[in-house]
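Worksheet for the structure shown next.
Numbering (the numbering used here), first residue to last: 1 to 294.
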């Protein structure tokens, strides 16, 4: 078994869970490789007494990996997607952050969850992604021109709104006068889109959602579309440039650039324990079903 491990930075008490993971993998005699920058962070942490410098490292992945462990929060999982891309390696998120909506393992259940995973007691949740093309082409978009959660256009550092001319399958939909527009996958429906009033969408649904950010035209509402649709955006405003984000990656583009957003030709595999489900996660993370009438 060949395992990759990645983290962006150190959450409080992360060393406990890193140690538990490495001990469990070593007992299974797994081949373990730690992302080079993350291994450097681990070895610089004064709370860790064991020296992990002997572990092999990686800066890129290949298809020989069996599992990819992401240690941190949802942002770390989104960054992990840029390593895995279209390789089909299942991602196991260990939540050492706060909400951890995408995580497989909650730190309070670390030991039991790890045992289940290493015994093969899990399923795979396939998640769709979005890809981005621009005309004229932008070198800053490539090669990581995909997003698991959402693609969003935003105004720059100005109080002025932007106009987002929006077409669906080459047919004019509307022009959003707003701070921006989010195009989200079902996975991303519980992220940025949700905070802007978008709907929650089950990850098994074949949809995308358009969610305006602080729209000036008050009749503008989130719109759910089939994920076979191609969405085209063109931004204009008082500034000469605007921002486009793909999950946590941000690029500056010139006004009047055409952005083409569509479903990616590959999926991301998130590992899921047998007793977990999207519905269970909604209840737990969003506190649905709890009686607050005190």
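Backbone N, C-alpha and C fix where the C-beta goes; we use that ideal spot for every residue, glycine too.
In whole angstroms, what separates the C-alpha of residue i from that of residue j?
i           : j           : result
residue 189 : residue 207 : 10 Å
residue 109 : residue 209 : 33 Å
residue 196 : residue 214 : 7 Å
residue 127 : residue 78  : 12 Å
residue 153 : residue 254 : 12 Å
residue 267 : residue 131 : 11 Å
residue 61  : residue 107 : 26 Å
residue 221 : residue 134 : 25 Å
residue 93  : residue 178 : 34 Å
residue 283 : residue 256 : 42 Å
residue 73  : residue 45  : 19 Å
residue 63  : residue 270 : 16 Å
residue 122 : residue 272 : 6 Å
residue 5   : residue 145 : 23 Å
residue 124 : residue 104 : 11 Å
residue 14  : residue 98  : 12 Å
residue 228 : residue 115 : 39 Å
residue 156 : residue 26  : 48 Å
residue 248 : residue 240 : 22 Å
residue 29  : residue 217 : 59 Å
residue 274 : residue 167 : 40 Å
residue 265 : residue 84  : 14 Å
residue 102 : residue 202 : 13 Å
residue 82  : residue 162 : 29 Å
Could you say which of the options lies nearest to residue i if we only look at CA atoms?
i           : options               : result
residue 148 : 181, 9 and 86         : 86
residue 183 : 261, 145 and 43       : 261
residue 3   : 68, 16, 20 and 24     : 68
residue 33  : 171, 198 and 56       : 56
residue 8   : 63, 65, 71 and 15     : 71
residue 307 : 228, 193, 265 and 277 : With the chain covering only 1 through 294, there is no way to say anything about residue 307.
residue 235 : 96, 129 and 175       : 175
residue 17  : 112, 81, 31 and 37    : 112
residue 89  : 240, 224 and 80       : 80
residue 43  : 24, 19 and 75         : 19
residue 263 : 202, 277, 243 and 186 : 186
residue 288 : 200, 230 and 275      : 200
residue 141 : 259, 286, 290 and 281 : 259
residue 65  : 285, 223, 31 and 22   : 31
residue 286 : 100, 158, 242 and 22  : 100
In the DSSP assignment, what residue or residues form a beta bridge with residue i?
i           : result
residue 110 : For residue 110, which the question treats as bridged, DSSP gives no partner whatsoever.
residue 272 : 123
residue 178 : 162
residue 56  : 33
residue 150 : 184
residue 267 : 128
residue 6   : 70
residue 208 : 225
residue 242 : 253
residue 172 : 167
Would you say residue i reaches chain D, if we count a Cβ-Cβ gap shorter than 7 Å as a contact?
i           : result
residue 287 : Looking for chain D here will not work: only one protein chain is present.
Would residue i be called buried (16 or more neighbouring beta carbons within 10 Å of its own) or exposed?
i           : result
residue 279 : exposed
residue 150 : buried
residue 232 : buried
residue 198 : buried
residue 35  : buried
residue 172 : exposed
residue 59  : exposed
residue 250 : exposed
residue 180 : buried
residue 252 : exposed
residue 191 : buried
residue 136 : exposed
residue 226 : exposed
residue 143 : exposed
residue 120 : exposed
residue 95  : buried
residue 211 : buried
- Mind pulling the alpha helix (DSSP H) runs of 4 or more residues that sit fully within the stretch 68 to 92? 74 to 84
- Can you check the stretch 212 to 240 for any beta strand (DSSP E) of at least 3 residues that lies completely inside it and give the ranges in chain order? 223 to 226 and 231 to 236
- Query: Can you give, in chain order, each stretch of the beta strand (DSSP E) that sits fully within the stretch 94 to 145 and has at least 3 residues?
  - Reply: 122 to 135
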